[in-house]
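Asks:
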Amino acid sequence: MGFIVDALTDWLREILVGGIIDNLSGLFEQVNTKVGEIAGEVGTTPQGWNGGIFNMVQSLSETVILPIAGVILAFVMTLELIQLITEKNNMNDVDTWMFFKWVFKTACAVLIVSNTWNIVMGVFDVAQSVVSSAAGVVIGNTAIDISALMTDLEAELMAMDLGPLFGLWFQSLFVGITMWAVTICVLIVIYGRMIEIYLVTSIAPIPMATMTNREWGQMGQNYLRSLLALAFQAFLIIVCVAIYAVLVQNIAVGDDVSTAIWMCMGYTILLCFSLFKTGSLAKSIFNSH
Numbered sequence: 003m004g005f006i007v008d009a010l011t012d013w014l015r016e017i018l019v020g021g022i023i024d025n026l027s028g029l030f031e032q033v034n035t036k037v038g039e040i041a042g043e044v045g046t047t048p049q050g051w052n053g054g055i056f057n058m059v060q061s062l063s064e065t066v067i068l069p070i071a072g073v074i075l076a077f078v079m080t081l082e083l084i085q086l087i088t089e090k091n092n093m094n095d096v097d098t099w100m101f102f103k104w105v106f107k108t109a110c111a112v113l114i115v116s117n118t119w120n121i122v123m124g125v126f127d128v129a130q131s132v133v134s135s136a137a138g139v140v141i142g143n144t145a146i147d148i149s150a151l152m153t154d155l156e157a158e159l160m161a162m163d164l165g166p167l168f169g170l171w172f173q174s175l176f177v178g179i180t181m182w183a184v185t186i187c188v189l190i191v192i193y194g195r196m197i198e199i200y201l202v203t204s205i206a207p208i209p210m211a212t213m214t215n216r217e218w219g220q221m222g223q224n225y226l227r228s229l230l231a232l233a234f235q236a237f238l239i240i241v242c243v244a245i246y247a248v249l250v251q252n253i254a255v256g257d258d259v260s261t262a263i264w265m266c267m268g269y270t271i272l273l274c275f276s277l278f279k280t281g282s283l284a285k286s287i288f289n290s291h
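Numbering (the numbering used here), first residue to last: 3 to 291.
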């Protein structure tokens, strides 16, 4: 009878140990995969992320928003001319240079509005170059050696009783499910950022039409700040993922499996929270005075 119990115990122990090792292997391998996926997603320009959406937004901006921006530009520059004339002692001290100044500012404003799409996309091209360089460093220095982490782990697990093994198996399973939930949160952050980019760029001609005016120019300046915040939010996301990968890489699984599992879960939740904060952090950086 004892022989049967021992055989059954060994059989259950092998099943639990195999399940724990598989769960932990998938848990840590997911880090390397997510680093590559996030770096690829946030390092893509609006045109490269989804060409269909990009073409639709560009068409709407050029056919619907651009004419409205032209009307606003005409109003703003007319107001600018009236202010230039009337501020000189009620037109008693009007200089010729004021008209040349107005013509120059109007020409610059028309040039900016007519090339708004190129300017906006140029901002994201610069940000993509920065993110691509950062992603190369991150992926090259945060690869996790699964075999090193799992050294002698199977032998240590086989020496444990069934009770602790059941606990570890449930813990590894629960953390794995949590990792998938966090993966969904990461996708929400990335996809939400790209949708926000398309929304912001679709109305770009209107705030850009006010850039050269003294009173209305604040609208265009704030728009450019928001645009830079959206573009370089991708860099902050890369930094968050890099910090997370380094923290997970330093987890010593062989010392205390249970502690390692919960540390990994804590780091993952911290990553999720940090990603949600990158948007507001980028805006606070570029909107600070």
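For each residue, glycine too, the CB sits at the ideal point set by N, CA and C.
1. Let me know if Ile22 comes out buried or exposed under the rule of 16 or more other beta-carbons within 10 Å of its beta-carbon.
2. Could you say which of Ile186, Gln235, Thr11 lies nearest to Gln130 if we only look at CA atoms?
3. Using 8 Å for Cβ pairs, my map puts Val78 next to Trp182. What's the rounded Cβ distance?
4. Please state the DSSP three-state secondary structure of Trp218.
5. Can you give the beta carbon distance from Trp119 to Ala206, rounded, assuming they're within the 8 Å contact cut?
6. Just mark Lys107 as buried or exposed, buried being the case when its beta carbon has 16 or more other beta carbons within 10 Å.
7. Considering only the alpha carbon of each residue, which of Met213, Met160, Ile208, Leu159 lies closest to Thr65?
8. From Arg195 to Thr80, what distance separates their C-alpha atoms?
9. For the alpha helix (DSSP H) that contains Asn57, what are its first and last residues?
10. Report, in whole angstroms, the separation of the C-beta atoms of Ala231 and Phe288, which I expect to be a contact under 8 Å.
11. Measure the C-alpha to C-alpha separation of Gln60 and Trp264 and round it to an integer number of angstroms.
12. Starting from Gly165 and walking both ways along the alpha helix (DSSP H), at which residues does that stretch end?
13. Can you look up Thr11 in the DSSP assignment and give me helix, strand or coil?
14. Suppose the cutoff is 7 Å on Cβ atoms and the five residues either side in sequence are ignored; what does the same chain contact list for Leu175 look like?
15. Taking Ser63 as the reference, give the member of Leu86, Glu43, Val122 with the closest Cα.
16. My understanding is that Val250 touches Tyr269, with C-beta atoms under 8 Å, so please give their C-beta distance in whole angstroms.
17. Buried or exposed, going by whether 16 or more other CB atoms sit within 10 Å of the CB of Thr144?
18. Please name the residue in Thr47, Ile74, Thr203 whose C-alpha comes closest to that of Asn215.
19. Under the rule that 16 or more other beta-carbon atoms within 10 Å means buried, what is Trp51, buried or exposed?
20. Take the Cβ of Leu2 as the centre, count every other Cβ of all protein chains shown within 10 Å, and call the residue buried at 16 or more, exposed below.
21. Given Leu238, which residues of its chain have a CB within under 8 Å of its CB, disregarding the five upstream and five downstream residues?
22. Less than 8 Å between the C-beta atoms of Ile67 and Ser204, yes or no?
23. What is the DSSP secondary structure of Met79, counted as helix, strand or coil?
Replies: Quick answer:
1. Taking the first residue of the sequence shown as 1, we reach residue 22 at position 20. Buried: at least 16 other Cβ atoms inside 10 Å.
2. Mapped onto the sequence shown, residue 130 falls at position 128. That would be Gln235, whose Cα lies nearest to the Cα of Gln130.
3. As a first step, residue 78 must be located in the sequence shown, where it is residue number 76. As a first step, residue 182 must be located in the sequence shown, where it is residue number 180. Incorrect: roughly 51 Å between the Cβ atoms, too far for contact.
4. On the sequence shown, position 216 is the one that residue 218 refers to. In the structure shown, Trp218 sits in coil (DSSP, three-state: anything other than H, G, I, E or B).
5. Stepping through the sequence shown from its first residue, residue 119 is reached at position 117. Stepping through the sequence shown from its first residue, residue 206 is reached at position 204. About 7 Å; that satisfies the 8 Å criterion.
6. In the sequence shown, residue 107 corresponds to position 105, counting from 1. By the neighbour-count criterion, in which a residue is buried when 16 or more other Cβ atoms sit within 10 angstroms of its Cβ, Lys107 is buried.
7. Here residue 65 refers to the residue found at position 63 when the sequence shown is read from its first residue. Of Met213, Met160, Ile208, Leu159, the residue nearest in Cα terms is Ile208.
8. Residue 195 sits at position 193 when you count from the first residue of the sequence shown. Residue 80 sits at position 78 when you count from the first residue of the sequence shown. Those two C-alpha atoms are separated by around 37 Å.
9. Locating residue 57 in the sequence shown gives position 55, counting from the first residue. 53-62 is the span of the alpha helix (DSSP H), which, as asked, contains Asn57.
10. As a working mapping, residue 231 is identified with position 229 in the sequence shown. As a working mapping, residue 288 is identified with position 286 in the sequence shown. Confirmed, about 4 Å.
11. Here residue 60 is taken as the residue at index 58 of the sequence shown, counted from 1. Here residue 264 is taken as the residue at index 262 of the sequence shown, counted from 1. Distance between the alpha carbons of Gln60 and Trp264: 46 Å.
12. One-based indexing of the sequence shown puts residue 165 at position 163. Element bounds for Gly165: 164-204.
13. Here residue 11 is taken as the residue at index 9 of the sequence shown, counted from 1. In this structure, Thr11 counts as helix in the three-state DSSP scheme.
14. Taking the sequence shown and counting its residues from 1, one reaches residue 175 at position 173. Excluding residues within five positions, the ones whose Cβ falls inside 7 Å are Asn25.
15. The residue you call residue 63 lines up with position 61 of the sequence shown. Of the candidates Leu86, Glu43, Val122, the one whose C-alpha sits nearest the C-alpha of Ser63 is Val122.
16. For the purposes of this step, residue 250 is taken as residue 248 along the sequence shown, with counting starting at 1. For the purposes of this step, residue 269 is taken as residue 267 along the sequence shown, with counting starting at 1. Right, their Cβ atoms sit about 6 Å apart.
17. Against the sequence shown, residue 144 aligns to sequence position 142. Because the pLDDT at Thr144 is just 49, under 50, the model does not fix this residue reliably, and the point stays unresolved.
18. One-based indexing of the sequence shown puts residue 215 at position 213. For the residues Thr47, Ile74, Thr203, the minimum Cα distance to Asn215 belongs to Ile74.
19. Taking the first residue of the sequence shown as 1, we reach residue 51 at position 49. Buried, because 16 or more other Cβ atoms sit within 10 Å of the Cβ of Trp51.
20. Beyond the ends of the chain as shown, which are 3 and 291, falls residue 2; an answer cannot be given.
21. Taking the first residue of the sequence shown as 1, we reach residue 238 at position 236. These residues qualify, in order along the chain: Thr280, Leu283, Ala284.
22. In the sequence shown, counting from the first residue as 1, residue 67 sits at position 65. In the sequence shown, counting from the first residue as 1, residue 204 sits at position 202. Yes.
23. The sequence position of residue 79 within the sequence shown is 77, counting from 1. Met79 falls in the helix class under three-state DSSP.
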